[in-house]
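Protein chains: 2
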Amino acid sequence: MTEVSIPTKEQPSKEQIADVRAFTRFYTRQIGLLEERLHKSAFSLTEARVLYELAHRNGLTATDLGRDLGLDAGYLSRLLKKFESRGFVTRAPAPTDARQSVLSITDAGRKAFEPLDRASREEVAGLLGRLSAEHREAVVAAMQRVQRLLGQNREPSTPYILRPLQVGDIGWIIHRQGVLYAREYGWNESYEALAAEILAGFVKSFDPEYENAWIAEREGEVVGSVFLMRKSAEVAKLRLLYVEPSARGLGIGRRLVDECIGFARAKGYKTLTLWTNDVLVSARRIYQAAGFQLTGEERHHSFGKDLVGQTWDLAL
Amino acid sequence: MTEVSIPTKEQPSKEQIADVRAFTRFYTRQIGLLEERLHKSAFSLTEARVLYELAHRNGLTATDLGRDLGLDAGYLSRLLKKFESRGFVTRAPAPTDARQSVLSITDAGRKAFEPLDRASREEVAGLLGRLSAEHREAVVAAMQRVQRLLGQNREPSTPYILRPLQVGDIGWIIHRQGVLYAREYGWNESYEALAAEILAGFVKSFDPEYENAWIAEREGEVVGSVFLMRKSAEVAKLRLLYVEPSARGLGIGRRLVDECIGFARAKGYKTLTLWTNDVLVSARRIYQAAGFQLTGEERHHSFGKDLVGQTWDLAL
DNA sequence: CGCAAACAGTTGACTGAGTCAAGTAATTGC
DNA sequence: GCAATTACTTGACTCAGTCAACTGTTTGCG
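Line by line, the protein sequences are chains F and C.
In case it helps, the UniProt record's numbering puts the first sequence at residues 1 to 316.
In case it helps, the UniProt record's numbering puts the second sequence at residues 1 to 316.
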């Protein structure tokens, strides 16, 4: 939550680089500690890594292994030969390419790997066991975050899911909108307060028959949301549409608006209305594309800025 | 934000262990990639680590280095001898223990290390440079989180600081309280809505002359908060006291209440009042210790539970 | 098609990072 | 005051990992 003094758009800051290096040093040591016990076993660290991959993935070739683990081809070749001679691994000619063989681990290989695998699990369990349940959860979540952000598998298999509101969501959305609009448009804390007021009212008077909320979640994180509220029997209001900057470009905003429109139609509303500000350009594009018409504009001073408020309506 | 299906209080779950191991494998590879270029330099990885430590810390002995980097004493001894013969390092007899020497890096050592250091920085800059500014910030924050939680330096130098309200705080506090009380006491989303309503009102009608908020922050994270609101010229109300489970036991709750009391006295209030529920045991202890008296109790059904509300007053 | 370039994997020849055990001198603990 | 421990050194070794040269196969392109 610390705000960087000089927001660097393009280049990583010195502090960020230093922090990452500090983490790398730290984790290098951590890995060293975790492996200390293991390298007394029958397998070297690299052998263990290779066995692990073979045990957990199918249809691997030597090239795959070398690429994914960063190993020298020659070294790997010998290593596999040793495994084959001990009966831990078998090679089958690859159907498509006669140069390659498909590797698979044998039962004997799994059996030989098991103690090592268990030792590794115990080692990690010991590390985590020292922490409270709270901290343990937090560590795992943070690791996943690092891995996901740094990982090359940039596109998750499911780009996002929509789900109903849960406890914790409205606070999170208030927080993120507050921070985001402060950063992007310089709005002050009164916007955050407005979001809090709207959402408090939404939950308090929530009518599941005529109202709804959609939360976009991506890999366990909230990345967008929208709320549909009943204004009258004929008019529904779309409120607080937002998409995380990191999740933009996936069509989440459009999808959220479409869900609102579909729900409003199904519930028999005649009009879907919304209020926004002209500075929110990307949101406006979504509204326009969805068929909303601008029906009113007015200048106002809110959130510490001079703004132009806009009302958009969609006939359902 | 994913809720664990079966909350394990004592032992790390299989999933957590698997996740940590996955991360370790991932980062092992990552470190390998970062070092690929470096090991073409004049120094081995271990030599670089030793030089790094020497360049950034003072008064190190060989034992310190061996312990912190996990190196064999014999290997380290030879390594230092080599550095000494090249004029990168000097040894001075340790004042307290004639067996030890205090190591220090020379200017020549720094100079020899510099290209390596720069290459490492560039490598990391390259890694981070592929990310958007958003993602970059998130990665660094998550790494720091892992390091802090896993690091042995359990106690930060400043256990916590108090600061005024910032944009983003109220949403964050609503979120955390919602999640926390749902988890600990099974309260439903209406508590979160109540918190949102209270805080929206606080910000909207905030009178800095007679009202205040204190946020407890620890290593850049919000770990507690309290709000003081004006009820009348003579009565102030303390609201929404909370401390993160991970930061309990540091006296943060007590400190927040004390700040409220001091502020209320300074502003000439005659009474400080608050409303709580009897299930919030640790909060009650703080109020009692601070001299609050229980002045009323009533049963109510709120937040999906049968509760006993309590009013506590303190004469100022 | 045909041929050069690239690729998958193998093998030989190294090297140097890291280990292990035994030893010295100083310090600590009882 | 003496045994146990600690800080460091040294000798002897090994094995993980590198590099380059080679075989057979596939790909790309005129």
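In this text, a Cβ means the ideal position worked out from N, Cα and C, and glycines have one as well.
Treat the numbers as computed from the prediction; the structure is a model and nothing was measured.
Distance CB(residue i)-CB(residue j) smaller than 8 Å
i, j, result
"LEU272(F)", "ALA266(F)", "no"
"ILE252(F)", "ALA216(F)", "yes"
"CYS260(F)", "LEU294(F)", "no"
"VAL124(F)", "LEU34(F)", "yes"
"PRO159(F)", "LEU274(F)", "no"
"LEU54(F)", "LEU60(F)", "yes"
"VAL167(C)", "VAL179(F)", "yes"
"VAL146(C)", "ALA142(F)", "yes"
"SER120(F)", "ARG99(C)", "no"
"GLY109(F)", "PHE88(F)", "yes"
"residue 319(C)", "ALA112(C)", "The shown model of chain C, from 1 to 316, leaves out residue 319(C), and the question about it has no answer."
"PRO12(F)", "GLY129(C)", "yes"
Where residue i falls: helix, strand or coil (DSSP)
i, result
"GLN293(F)", "strand"
"TRP172(F)", "helix"
"GLY186(C)", "coil"
"residue 397(F)", "No statement about residue 397(F) is possible, as the shown extent of chain F runs from 1 to 316 and does not include it."
"THR106(C)", "coil"
"SER282(F)", "helix"
"LEU65(C)", "helix"
"LYS305(F)", "strand"
"ALA216(F)", "strand"
"LYS231(C)", "coil"
"ALA22(C)", "helix"
"GLN310(C)", "strand"
Terminal residues of the beta strand (DSSP E) in which residue i lies
i, result
"PRO12(C)", "Where PRO12(C) is concerned, there is no enclosing beta strand (DSSP E), given that its DSSP letter is neither H nor E."
"ARG163(C)", "161-163"
Alpha-carbon spacing of residue i relative to residue j, whole angstroms
i, j, result
"GLY186(C)", "HIS301(C)", "13 Å"
"ALA92(F)", "GLY74(F)", "19 Å"
"GLY296(F)", "SER205(F)", "28 Å"
"GLU15(F)", "LEU150(F)", "18 Å"
"LEU165(C)", "PHE202(C)", "11 Å"
"LEU103(C)", "LEU79(C)", "13 Å"
"GLU221(C)", "HIS135(F)", "14 Å"
"MET229(C)", "THR276(C)", "15 Å"
"TRP214(C)", "LEU256(C)", "7 Å"
"THR106(F)", "ARG57(F)", "13 Å"
"SER77(F)", "ALA62(F)", "7 Å"
"THR28(C)", "ASP72(F)", "16 Å"
"LYS231(F)", "GLY268(F)", "13 Å"
"LYS305(F)", "ALA193(F)", "15 Å"
"GLN177(C)", "ARG183(C)", "10 Å"
"TYR191(C)", "THR24(C)", "39 Å"
"ALA133(C)", "THR90(C)", "42 Å"
"ASN212(F)", "LEU162(F)", "12 Å"
"ALA289(F)", "PHE303(C)", "40 Å"
"LYS270(F)", "ASP207(F)", "18 Å"
"ALA18(F)", "ASP97(F)", "45 Å"
Endpoints, the alpha helix (DSSP H) within which residue i is located
i, result
"residue 391(C)", "Look at the range of chain C in this structure, 1 to 316, and you will see that residue 391(C) is not part of it."
"GLY253(F)", "252-266"
"GLN147(F)", "133-150"
"THR96(C)", "Counting along the chain, THR96(C) falls outside any alpha helix (DSSP H), and DSSP gives it neither H nor E."
"VAL50(F)", "45-56"
Own chain, CB closer than 8 Å to residue i, minus 5 neighbours either side, in chain order
i, result
"LEU116(C)", "LEU38, SER41, ALA42, PHE43, ALA48 and LEU51"
"LEU199(C)", "ILE170, ILE173, ILE174, PHE227 and LEU240"
"GLU298(C)", "VAL308 and GLY309"
"ALA247(C)", "TYR160, ALA216, ARG218, VAL223 and GLY224"
"GLU209(C)", "LYS267"
Other residues of its chain near residue i: CB distance less than 7 Å, five sequence neighbours each side excluded
i, result
"ALA196(C)", "ILE174"
"PHE131(C)", "Note that residue 131(C) is Leu in the sequence shown here, rather than Phe. Contacts found: VAL139."
"ASP64(F)", "none"
Beta-carbon contacts of residue i that lie in its chain and below 6 Å, excluding the five residues immediately before and after
i, result
"GLY291(F)", "LEU314"
"TRP312(F)", "LEU274, TYR287, PHE292 and LEU294"
"VAL243(F)", "GLY224, ILE252 and GLY253"
"LEU280(F)", "none"
"PHE83(C)", "VAL89"
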